[in-house]
Amino acid sequence: MPQKFKISKDEAIAQMVAQLEGPITLAEFVRRVLVIWPSQAKKPETAVRQTIRDYHAGKTVIFLDDDTLLPTSLALAGVTLRVPLARSEV
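Residue numbers 338 to 427, in my numbering, belong to the letters of the sequence shown in order.
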């Protein structure tokens with residue numbers, strides 16, 4: 338069923354990140370994004386990969402290695418960040 342409105346590439350990536358439940362290969366992630374956000378580009382995989390590396394790496398996804406990524410929310414689940422404060426800061 339065709340959509341009445343088009344979503345942006347960033348929205349498609351964010352939607353795909355929200356659906357993930359664990360690590361995924363970059364190729365599979367890009368394939369799933371292109372199902373949500375079809376492109377007429379000559380090499381649409383390259384455009385999605387570059388957007389992920391430029392704008393989403395370290396913010397919404399974390400690269401475990403060159404070909405595997407994990408949503409930041411899953412990577413940081415249960416993490417407690419502790420910052421020591423000086424007496425003057427308390």
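We put the CB at the ideal spot given by N, CA and C, even for glycine. Predicted model only: the values in this text are computed from it and were never measured.
With DSSP collapsed to three states, give me the class of residue i.
| i | result |
| --- | --- |
| residue 297 | Only positions 338 to 427 of the chain appear in the structure, and residue 297 is not among them; the question remains open. |
| residue 416 | coil |
| residue 362 | strand |
| residue 338 | Confidence at residue 338 is low in this model, with a pLDDT of 49, below 50, so its placement is unreliable and no value can be given for it. |
| residue 423 | coil |
| residue 384 | helix |
So the beta strand (DSSP E) residue i belongs to, where does it begin and stop?
| i | result |
| --- | --- |
| residue 405 | 405–408 |
| residue 399 | 398–400 |
Leaving out the 5 sequence neighbours to the left and right, which residues in its chain are closer than 6 Å to residue i when beta-carbon positions are compared?
| i | result |
| --- | --- |
| residue 338 | Here residue 338 scores only 49 on pLDDT, less than 50, and its place in the model should not be relied on; the value that follows carries that caveat. For residue 338, where only same-chain residues beyond five positions count, there are no Cβ hits under 6 Å. |
| residue 357 | 408 |
| residue 370 | 349, 350, 353 and 385 |
Keeping to the same chain, check which residues put their C-beta closer than 7 Å to that of residue i; ignore five residues upstream and five downstream.
| i | result |
| --- | --- |
| residue 351 | 397 |
| residue 366 | 353 and 406 |
| residue 374 | 344, 346 and 349 |
Given that a residue counts as buried once 16 or more other Cβ atoms are within 10 Å of its Cβ, and exposed if not, what is residue i?
| i | result |
| --- | --- |
| residue 349 | buried |
| residue 385 | buried |
For the alpha helix (DSSP H) containing residue i, list its first residue and its last residue.
| i | result |
| --- | --- |
| residue 356 | 346–356 |
Does the structure place the segment 357–377 close enough to the segment 398–407 that three or more beta carbon pairs sit under 8 Å? yes
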